[in-house]
Structure formats: structure tokens, C-alpha cells
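Since the structure comes first, as C-alpha cells, the remarks are kept for the end.
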Amino acid sequence: MNATANGGQRERVVIVGNGMVGHHCVEQLIERGALARFEVRVFGEERQRAYDRVHLSEYFGGSCAETLALCEHGFYGDNGVHLHLGEAVLQIDRERCEVVTAEGRYGYDHLVLATGSYPFVPPIEGSSGNARLVYRTLDDLDAIRAAASGARRGVVVGGGLLGLEAANALKSLGLEAHVVEFAPRLMPVQLDGEGGAALKARIEALGVGVHLSRATQSISAGEAYRYRMNFDGGEHLETDLIVFSAGIRPQDALGRACGLEIAPRGGVVIDSHCRTSDPRIFAIGECASWNGSIFGLVAPGYSMARNLAALLTGEAAAEFGGADMSTKLKLLGVDVGSIGDAQGATPGSRSYRFIDEATAAYRRLVVDASGKRVLGAVLVGDNSYYDTLLQYAQNGIALPADPAGLILPQSAGAPALGADALPDSATICSCHNVSKGAVCAAIDSGCSDLAALKGCTKAATGCGGCAALLKQVFEHELTARGVTVDKRLCEHFAYTRQELYGLVRVEGIRTFNELLERHGKGPVGCDICKPTVGSILASCWNQPIMDPALVPLQDTNDTFMANMQKNGTYSVVPRIPGGEITPDKLIVIGQVAKKYDLYTKITGGQRIDLFGAQLHELPLIWGELIDAGFETGHAYGKSTRTVKSCVGSTWCRYGVQDSVGMALRLEDRYKGLRSPHKLKFAVSGCTRECAEAQSKDIGVIATDKGWNLYICGNGGMRPRHAELFATDLDDETLVRLIDRVLMFYIRTADKLQRTSVWRESLEGGLDYLKQVILDDSLGLAAELEAQMQHVVDQYECEWANALNDPEKLKRFRTFVNDQRPDPDVHFVRERDQRRPAAPLHLIPTAEEAV
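Quick note on numbering: full-length UniProt numbering labels position 837 of the sequence shown as 837, and the sequence is numbered without any gaps.
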């Protein structure tokens, strides 16, 4: 293949590297409309398209390459970008302006090196095979997982950021984990001595061995374990596998080979416009050296990518001038924060320290000689101080009279820095370089809710660490513009959904009219309060939604207990718990589909959807399905939809628990549960995670000791990974905790708020939720469990209930006094059965999409 001839066509941009920074560069070019001017070609050495390395450790928690991917499958092709995966660039021919791969030669007008870095492995005698693993790519993680099979102990060489992530990965694989660090403290770049000691104490309390000031001289055969690590001084440690995470080196081999200038400590030298010594070649991310520095965080790489995209498209490009290396992390479940000059190396600097040895909490505030400006900070154990301290440091905000108050416990210390004190130049989101001024501009342009603001600015869509600060600034700016942050439901109810739920539950209210009379105003409700109250009543009392008093509260789909499709027909979705179905039931579905000429599709939730049913056919279809033992699948409601499962230990050679049995139990328990938004579950029988539990509202993953519980994930427009909530649970404890989580969500969430958004909105975050659910800090556990049990006890298949009530069946007649269909309505099947056409002159209004 030869693609060197330009022929007067679009300029050719070749990007070498499809990691996070290379992908962001592509995104920036697309966002700026550059594809009309440039032909963009991207080469990735790995087989997977760009994925999220920041959350790489979640791969061992059950995430797959697809859930970590930074874009949809068709993103590159849909935008006209040529993506070459698994095709490494072997050489750069600067004279001919070509890159060379095993597949051919490709010409460029502009070449971007985004090759990242590689893990440094010290030259240690005996390091090979399972004694020479690294923690960098998905392939590396697959190798670690394979090596962990049958192993008992794993050691990570390196106590930095990635080393502690790797130790967490080994622990999640069920190994006894140890960390060996050459320096006298963990995270020696980010933490001081006291901070390192606090982190060590917390990590050891979690069962991870920490060995400091250890230099591995050689690796030999072990006695009790496979390998023995021999340290300088005669000590040793035995293990079954060794993961090296002793730092990174810039991946600059292509630049070296073609004669680009290389920095003394490695990395392709770039100027402030990311240009190398060859004016046609640029470098961004960890492979680039600016002013002698390599930046090992994603935010500086993103900044380089933005600046380069602006330069290529002719925009006024800001010069890259270095980057703030402040970090806020959760390592092995421990909060760690490092800001600016965390070590107090600035001449004349002074420090304030807070040390709590009882809880291994540590905070250090570094100020300048005048005592008026924050230079840096260290946090171990509690990152709630991070956002405030970062803004002081980044924006030169004058310190209070007693700076120590900023790191004292919140009950005794100074209040958090208000949004009004931040200048417009203050960085709210470092990943996407979103300032307070940009947030204000977006609000002025019409972003009136937090979701729209995130979509417009991309703030809080990177690592997510700025979500709380963004919300604070957003609400403050609305108030400053005279916009009341009104949280009441609608004009009829001066209450939030959470408050209405409390009124309904405490006062035992069972109808909308009763609630309106006691706590609302006006003779009737509206399209906001009616379905919201209908959902609350269903969540509390679980009465059939087709009861006369409840029908007026339902939206179109719930009214007819079926999803209306765009042509006016309806879908029929019987419940198939856990995806398990008998041959006889499969035959019945096939017979019904043929009889009523329905289009059938197997869904991602392991069910079979039947499309194209006319309104008057719904009772007939459901009658046959219920006679065969099916129940409604509630696909039309804001309720529990599915519990997806793999085959688990019953069939799979990797399965360690009966995932199908647990999926059946969970779906049977929570079927019919109404909630603020739809709920999806999944149960995986091992950490290979074939059921994709970490993209679900409730995810359960088997371990050899029980079940790990993940909560508040979802796909869709705003995909979010579920978070690990509790580990190694027995069956009964797992169900109790799910009861509590779901009922607390139902009790406190806003209308139409998914579990992921609800979790992000909780003050105190995941730690607060753990206190409520696991530690019962509010004393609600028994009450939440009892409320769930009431819902479970009240369950009744809504379609079975309707079929036994002639009055309810009248709703499905075309004419009030005649059961026959409308002779003037004709449904015509197109050739492509995936898009059946059906001209209708009377279609009920669909209030919302499913």
C-alpha cells in the first residue's frame, strides 16, 4: 500500500498513538470541523481502540475493554477518520514525509506523535515470565490475570501511583498483595514523610504488606512460593508473581530513530506549540519533553492536544506552558491528594500540619514566607479539603488570618471556599481545562441544568473529581443571576420528590387526590406531578397501576402497559428472569409472533421483544403468554427491567458461583419495583464479567468467597461505571444490602433521576452512602428492608390483573362499544421488518421515550 501522493487533496494528518491523549487530539480536530480540511489517519499499536487508562484497575473489578472504551465502535469511521488498530508504526521517513508500518507506507503533511510511555523494569537478574509482569495496558492486565490463576501471593515493585493501583488489582484477584518500594516512603514524589507514613498505615490496615527502602538484587526460585526476591542487605520475600511498576519512560524510539531532538532524560523535545525539531512533526503527552519535563498525567496531555488542534486549524492557540501536577486519587480505597509544592521545597516556605494517628489521617498546608499564599498541600485519608486548597493555590487567593483552619476538622476549621471567591480564571475541570468563566458563559448561553452544562463544557466528564465543585459553582451562578434554584416539583406541589415521598410514606397516602388535597394546590395536577406521584405511590404501596384511581397518573406506555413504537403499534416484552428460558416457552413466543405477525428481537437484557402489536391485540397476546407461564417484563415502566446473567458455575469452567441462580432470585424479588427511573441489574459468575455487571444500576460479581456488590452504573447518553460497594458477601447479606440501596434511592432521588446521577448528587459521595447502608448511620436499615419486603409481598403481574378485570380490558378497545379493530386502520409491513410502517390517523400522545 502506498498513500504518499497528496494530489492537491486535503492535508494529511497522521497521529501515531491511540491512547487517551491521541484520542483527545482526534476529538478536538472533529470538534473544530477540521475533517473538511484534513484527512486524519490514526495508528494504534494495541488491538483495542482508545480506552480509559485512568480507571484501568476497574478491568479487574469486572469492566471489559468495551466498557473502558472512550468512544463508540463507529466513532472514527462515522467522522471520516481512518483508524488502524494493531498496526504499529515502525519507522518515520522524514525525507519522504511518510510513516512505515508492516502494511505499507502512509504520507503525511503533519505528523503527531502521541506514543505515550512504557513501564521501566530495572535490570534484575532472574526477572522473566511471571517474575517480570508490568501494569500498563489491557494486554498486561490479561497477563497478570492469567498469572494469578492458582497463585497465592503477588508483589508489586514500586510504591508510586501505578504501583498502588497494581497492588489493588492483585488484591481484587484474591491474592495476598505486597508492595516493595526503593524509597523510604510510599508515593515519594507526591507525599512527604508524614504523609507517606499515614498512607502506609492505612494500606497495611487493609491487609497489604508494605516493604520500604528495599532494593531487589536478584530473583531466584522460592521454597514456599514460586519466586524469591533477594533484597540488598540479605532479606528476602517470596511470591508467585511480580509486577513491576517502578516508573515510566517516554516512548520516544520513533523520534530517536528518525533523528528528532531528544531530551537528556528522554522524550521528544517540543516547543510551546508542541512542535519538534522537525516543523512537520509534533509530539504530545508522555512521549514529549517540554523544558526538560515529562508530564505523567492525562490533563497536561489533553492540554497539549487542545493547543495542537487549535494550531493546526488556524485558531489562536495558547502556548503550552507546563502543567499543574496536583492530583486527587483514591488508592486501595484511601483518599490521597497532592497539590503544588507538597514537599515545601520553596525557600522560606512554612507548613501547617494536622496529624490524627488514631485514624491515620494527615494533612499538610504549605504557605509562602509571607503566610499569605498557598504553595502546596498533602492530604491522606480525607480529600474533602482538596478542592478548596487547590483553588487557593491556583488562583493566589489571600489566606484567612489563621491558615491552619483550612486543614483542621471541618467542625473546627474555616469554612470551605465559596464559589463567589473564585476568579473567572479559576480552573474548575483540569482534565478539559474548563474555567469558572467558561462555566458562567455556558450558563449565560442557556445551560439551565447540570447535565446540559456538562454536555456543553465537558466539565466533570473526565476523571469526575470536579463534579462537586462544578455543582457548587453552577448553583451559585444561577442564584447570582437572580435565578432561584427552585427544587419544588411543580406549580401544584411546593415540595421536592423526596419530600413528597416522605409525606406519602409517613401519612399513608394512597391516591393523588388525597395528596393534592392535603399538600398541594389547584383542582388537578399536571404532566410533571401526576407521573411523579404515580411512581411514588407505586414504590410505596405497589398497587396495580390500572386501578381506576391510578390510571390518570400514568404516561402513555404505562397506561397501556406496553411501549408505543414510532408507528403507533406496541411492543410486548415478557419477563425472562436471568435470561433462562425453557424450550416450551421459546416455542410459545415463536407461535405468538407468527400468529400476530410480530417482529422479534433478542435484546441486550437477555429477553425477546415482540414488535408491531396493535392496541386491541395486546390482551390477546398477553393472554396466550400468561397461559404459558410468562409475566409482564415491565419494559414500559420506570421500574426493574432485567437481571442479566452469564451461565456461572453451572456450566462455565471459570465460574465460581451460581450466577444464574442469583439472577433468578434477584429478578423474582425486585420485579415490579417502581422507582424514579428504570433499573437494570446483572450478575456475573466470575471476574471475567461476561454479564457486564459494572455498567448496571446494581451489579453483582462472584468471588470465591461470595459476591462483590457494585452500584449506580449505567450506559446510555451518560455512561458511568458502577462503583464497588461491598465485597465477599454471602447470599442473604447481598440481598439485604440491595434492599437498602434501592429503597434509599427511591426515597431520596429526584424525579426521573437515574441511580448514577443520584449517586453523583449525594453530599459525601460513596463514603456517605456506605455509612448509611453498611454502618446504618441513620438508623434506617430495618425500615428500608421492611419497606422493600412490603413491595415484594404486594407484587402482582399487572397484565394478569388486567386480564381478569373486564373494566380494565375496555381500555384496549378501538371503539367504546365494540371489540373489533378499526377497519380504517391498515398496517403495511415493509420489506425491512426492522422498520415496520403503519400510517395511523389517531395515535395517543407519547409523553416520553423509553
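Virtual Cβ for every residue (Gly too), placed ideally from N, Cα, C.
Spanning the alpha carbons of R813 and H616 requires a straight line of approximately 5 Å. Between S571 and D609, the C-beta spacing is below 7 Å. The criterion of a C-beta distance shorter than 7 Å is not satisfied by G337 and A114. DSSP places V573 in no alpha helix (DSSP H); its state is neither H nor E.
Within the region 660 to 697, the runs of beta strand (DSSP E) at least 3 residues long that lie entirely inside it are, in chain order, 679 to 684. Between V14 and Y76, the CB-CB gap reaches or exceeds 7 Å.
Cα atoms of R669 and V380: separation of roughly 41 Å, rounded to the nearest angstrom. For R12, the beta-bridge partners assigned by DSSP are E39. With fewer than 16 other Cβ atoms from the protein chains shown falling within 10 Å of its own Cβ, Y768 counts as exposed. Minimum Cα-Cα distance from D382 among the listed residues L408, S370 and D402 corresponds to L408. One thing to note: S303 has its Cβ no nearer than 7 Å to the Cβ of A263. Runs of the beta strand (DSSP E) spanning 3 or more residues and lying entirely within the region 507 to 565 do not occur at all.
In this model, L470 and A459 are separated by some 8 Å (Cα to Cα).
Sequence-distant partners of K487 (beyond 5 residues in either direction) whose C-beta falls short of 7 Å from its own C-beta, in its chain, are T496. Segment contact: the region 200 to 210 against the region 169 to 185, three or more CB-CB distances shorter than 8 Å; contact assigned.
Counting C-beta pairs closer than 8 Å gives three or more between the region 676 to 690 and the region 699 to 706, which meets the contact rule.
Within the same chain, Cβ atoms closer than 6 Å to the Cβ of V21 are found at A114, I284, G285, G301 and A305, the five residues on either side in sequence being excluded. The C-beta of H178 has 16 or more other C-beta atoms within 10 Å across all chains shown, which makes the residue buried. When C-alpha distances from R10 are compared across R249, R47, T313 and G104, the shortest belongs to T313. In the assembly as shown, T484 is an exposed residue. Its beta-carbon has fewer than 16 other beta-carbons within 10 Å. Uninterrupted beta strand (DSSP E) stretches at least 3 residues long and entirely within the region 323 to 378 occur at 327 to 331, 334 to 340, 350 to 356 and 361 to 367, given in chain order. At the C-beta level, N307 and F295 stay beyond 7 Å of one another. Here R214 is not near G222, since their CB atoms are 7 Å or more apart. Following the DSSP letters along the chain, one finds Y135 in no alpha helix (DSSP H), marked with neither H nor E. Taking every protein chain shown into account, the CB of T479 has fewer than 16 other CB atoms within 10 angstroms, so this residue is exposed. When only Cα atoms are considered, L332 and I203 end up about 7 Å apart. When secondary structure is reduced to three states using DSSP, R47 falls in the coil class, being assigned neither helix nor strand. As computed with DSSP, P250 is found in a beta bridge with S117. By alpha-carbon distance to E66, the top candidate from A299, G715 and D776 is G715. Beyond the five residues adjoining it in sequence on each side, C797 comes within less than 6 Å, by CB distance, of E631 and T632 in the same chain, given in chain order.
Note on D232: under 16 other CB atoms within 10 angstroms of its CB, so exposed under the neighbour-count rule. Less than 7 Å divides the Cβ of D341 from the Cβ of G376. When DSSP states are grouped into helix, strand and coil, K458 belongs to the coil group. Here DSSP, grouped into helix, strand and coil, assigns F75 to helix. Linking L780 to R740 through their CA atoms gives a straight-line distance of about 8 Å.
Residues of the same chain with a CB within less than 6 Å of the CB of H24, apart from the 5 flanking positions on each side, are Y302 and A305 in chain order.
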